[in-house]
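All remarks here apply to the structure that follows.
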Amino acid sequence: MLILIVEDEKELALSIRDYLKGIQDITCDLAPNFSKAVELTELYSYDCLIVDLGLPDGDGLEIIKKVKTEDAQTGIIIISARDTLDDRLKGLNIGADDYLTKPFHLSELQARIASVLRRIRFDGKSILKEGVLEVDTVQRKIKVNGKEPDLTKSEFNILEYLITNKNKVVTKASIAEHILGEYSDMYSSYDFVYTHIKNLRKKLVELGCPDYIKTVYGTGYIFETA
Amino acid sequence: MNLLTKTSLLITTVALTVLMAGGVIFFLSTKEMINKQVDKELISEMHFVMRSFDNLVHGRDTVFYEELTIIPTDEIISPVARFRDTIRLNVFDNKYHTYRALFFGFRKGGNNYKIEIFKSLIDSNTLIERVTLVWIGMSLFLIVAIYFLNKLIFKSTWKDFFEILKLAKSYDLKKPHKKVLLKESEINEFASLNTVITQLLERVERDFNNQKELTANTSHELQTPLSIIRMKAELLLQTPDLTSEQVRLISDILATTDRLSRLNKSLLTISKIENNQFRETEKISLHEKIRSLAGQFKELIDEKGLKISMTLEETTIEIHPLLADLLLVNLLGNAILHNPVENGRILLELKNNILKIANTGDHIELDKENIFHRYFRQSKNPGSTGIGLSIVKKICEYYDIDLDYRYRNNLHTFILDLSSLYTS
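So the sequence lines, in the order shown, correspond to chains A and B.
Take the position in the first sequence, starting the count at 1, then add 111; the result is the number in the numbering used here.
Take the position in the second sequence, starting the count at 1, then add 92; the result is the number in the numbering used here.
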């Protein structure tokens, strides 16, 4: 899968690339400015573009317009420091699939990319499989050995989040933000994440699913398949 | 004491003093003038008396008229005329009157006489009385006239000044959309006052804007490095075979970075409010908003085992949607955050455009003076950045919402009067 990161801040772009590198078959190109981004999008057909709006030599929105007219199948995620509703709507109206406000967790970006790609290339890949575990991201249901345990909304969201970031340590803060949105700021402790994960693991293991979810020294969790 | 009273008082006092002093001088000089006239007449009469002495005496020893006495005397009296004031009985009306008298010694046929000529001052006294009365009347009239004239002049000359004062009073730095427009004045002093005030305001505004820009720019510029730190820490966390100590350290870095990000975001929001970047408004049904927000906070409310009760009247207000969110999130968030874990309660009441958010908490009344200040934290709660309430305050100031805090029956209550946002 080919991803282009359009971001003028080198360290940010590199971090994103490093994080995504460990996942499946992702290859990342970097474009530090507008002209490079234009050049690369003309040369290659990307599956997904991660675009920062404030570029030194142009507006990221222009790249999105251009790419969307040429290949509507390209998934586009805006990453921007601008967080007003207006900016969001502008970006989404122009054809972006998602809008992520800086600063964001890398695991959140990965989840958004996975989700955008699933939405764009709707080719039966809406079901994430891991051994006996099947996660239906459209129906928002899971199956273990053919059985369907009842998961709460939060439990499902956490599971989906962990699976899209499998074999990566995902922090409690990022899980909290993922399921609560922007108001997770208000939370002083992430104990509820622990509660949800405890229940989730119990439900999975009861149906004979291997205990994929591991605690990482009280800091976060990892969905470990290796 | 205001300017008009002060000047009126001063002018009237000065006028009164001048008029009084003038009156005394006038009175004295009139009297002096009259006396001189009388004396002149007396002297001419003295010559007449001397000329026609024989006719007047007419062989008598003593002559005693109303206005002339000739008395023989043994003393030798100087023939030089001398004057004196005296009182005499007037034979006509049988009353005592003031007289001016001239006396001199006269020698005739070996006899010495003391001759005294009198002149009634009754007419001149009447004159002086009249003159004085006229003077007093004129003075009173003059003072009244001066008073009103002063008022009139005051009003017309100081008009510009009061206009400047009024405009300067209505100036509010926090509301840049209410600019002060000073009028031109044709009076030089006020024109320069105008200039000075305008320059002063410009400087204040410039400084204020610089300050705001500094905050805004700083927070904006801080976002990227913060993002980088956070991402690098996240990447570091992915390193295989980390020890628990290493994970703990990385996690501390992440938590601190998150806190810094939150703080930074809040600062940015405050400067955006200050920079008037939330001008648009929308009609928002507040009761629904509160309900949905309470739903979003359900995880935490449940986790803390808090009991939440809502009495919400249907209320529609006009407000920027993001600011409405921020206002409610911060207030509700605080109510949850600063609530004890056992038997905690949250009460939300919306009635007659008054929103009350009450929560149980520490059994200490918060410091009303300081809770709305940036970075003021009464509790040591690690989740609080100490900036939430100052955002609330900023939004309230921006919309003229009356914000009050009360502590009663172990309930910390924030009361917002939203009448200014009410829309039918």
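Backbone N, C-alpha and C fix where the C-beta goes; we use that ideal spot for every residue, glycine too.
As the structure is a prediction and not an experimental result, all values here were calculated from the model.
{"Item": "Beta-carbon gap between A:I269 and A:I286 smaller than 7 Å", "Value": "yes"}
{"Item": "CB contact below 7 Å: A:V255 versus chain B", "Value": "no"}
{"Item": "Exposure label - B:M323; buried when at least 16 CB within 10 Å", "Value": "buried"}
{"Item": "Proximal residues to B:F389 (C-beta, below 7 Å), its chain only, five neighbours per side dropped", "Value": "L424, I428"}
{"Item": "Where B:H312 meets chain A, residues with beta-carbon distance less than 8 Å", "Value": "A192"}
{"Item": "Check whether B:I209 and B:L102 have beta carbons under 7 Å apart", "Value": "no"}
{"Item": "Sequence-distant residues of the same chain with beta carbon closer than 7 Å to B:A325, five excluded per side", "Value": "I342, I345, L346, T349"}
{"Item": "Contact list for the segment 274-290 of chain A against chain B, Cβ threshold 7 Å", "Value": "K279, V280, T282, A284"}
{"Item": "Contact set for A:D163: own chain, Cβ-Cβ below 7 Å, skip 5 residues either direction", "Value": "V117, E118, D119, G171, I190, S191"}
{"Item": "Cβ contact check for the segment 348-363 of chain B and the segment 293-308 of chain B: 3 or more pairs under 8 Å", "Value": "yes"}
{"Item": "Residue environment, A:R223, which counts as buried when at least 16 other CB atoms sit within 10 Å", "Value": "buried"}
{"Item": "Neighbour list for B:P432 in chain A, Cβ cutoff strictly below 8 Å", "Value": "Under the 8 Å cutoff, chain A gives no residues; its nearest Cβ is about 13 Å from B:P432."}
{"Item": "Contact belief for B:F198 with B:Y205 at Cβ below 8 Å, rounded distance in angstroms", "Value": "4 Å"}
{"Item": "Chain A residues whose Cβ lies nearer than 9 Å to that of B:E441", "Value": "Residues of chain A passing the Cβ test: none, with the nearest at roughly 21 Å."}
{"Item": "Start-end ranges of the alpha helix (DSSP H) lying completely within the segment 232-306 of chain A, minimum 4 residues", "Value": "264-275, 283-291"}
{"Item": "Alpha helix (DSSP H) runs wholly inside the segment 366-431 of chain B, at least 4 long, in chain order", "Value": "378-388, 390-396, 413-429"}
{"Item": "Residues of the segment 198-222 of chain A whose Cβ lies closer than 8 Å to any Cβ of chain C, in chain order", "Value": "Protein chains A and B are contained in the structure displayed, whereas chain C is not."}
{"Item": "Rounded C-alpha distance that separates B:T452 from A:P260", "Value": "38 Å"}
{"Item": "Boundaries of the alpha helix (DSSP H) in which B:N488 is found, first to last residue", "Value": "Checking the sequence, you will find Cys at residue 488 of chain B rather than Asn. From DSSP, the alpha helix (DSSP H) with B:C488 extends over 480-491."}
{"Item": "Where A:V327 meets chain B, residues with beta-carbon distance less than 7 Å", "Value": "V339"}
{"Item": "Limits of the unbroken alpha helix (DSSP H) element including B:N280", "Value": "280-329"}
{"Item": "Cβ pair A:L292, A:V227 closer than 7 Å", "Value": "It should be pointed out that residue 292 of chain A corresponds to Gly in this sequence rather than to Leu. Their beta carbons are not under 7 Å apart, which means A:G292 does not touch A:V227 by this criterion."}
{"Item": "Minimum C-alpha distance to A:E337 - residue among A:P321, A:Y155, A:T330", "Value": "It should be pointed out that residue 337 of chain A corresponds to Ala in this sequence rather than to Glu. With distances taken between Cα atoms, A:A337 lies closest to A:P321."}
{"Item": "B:I507 and B:D496 closer than 7 Å at C-beta", "Value": "yes"}
{"Item": "As assigned by DSSP and simplified to three states, the class of A:S218", "Value": "helix"}
{"Item": "Cβ pair A:F303, B:E395 closer than 7 Å", "Value": "yes"}
{"Item": "CA-to-CA distance, B:T122 to B:N94, given in whole angstroms", "Value": "41 Å"}
{"Item": "Start-end ranges of the alpha helix (DSSP H) lying completely within the segment 94-173 of chain B, minimum 4 residues", "Value": "95-143, 145-149"}
{"Item": "Sheet register partners of A:Y332 (DSSP bridge)", "Value": "A:V281, A:T326"}
{"Item": "For A:T152, the first and last residue of its enclosing alpha helix (DSSP H)", "Value": "145-154"}
{"Item": "C-beta neighbour in chain B for A:D129, strict 7 Å", "Value": "yes"}
{"Item": "CA-to-CA distance, B:L257 to B:T290, given in whole angstroms", "Value": "12 Å"}
{"Item": "Delimiting residues of the alpha helix (DSSP H) encompassing B:N217", "Value": "214-249"}
{"Item": "CA nearest to the CA of A:G329, picked from A:V280, A:K314, A:R312", "Value": "A:V280"}
{"Item": "Near-chain A residues of the segment 484-495 of chain B - C-beta to any C-beta below 8 Å", "Value": "none"}
{"Item": "Whole-angstrom distance between A:D136 and A:N204, CA atom to CA atom", "Value": "30 Å"}
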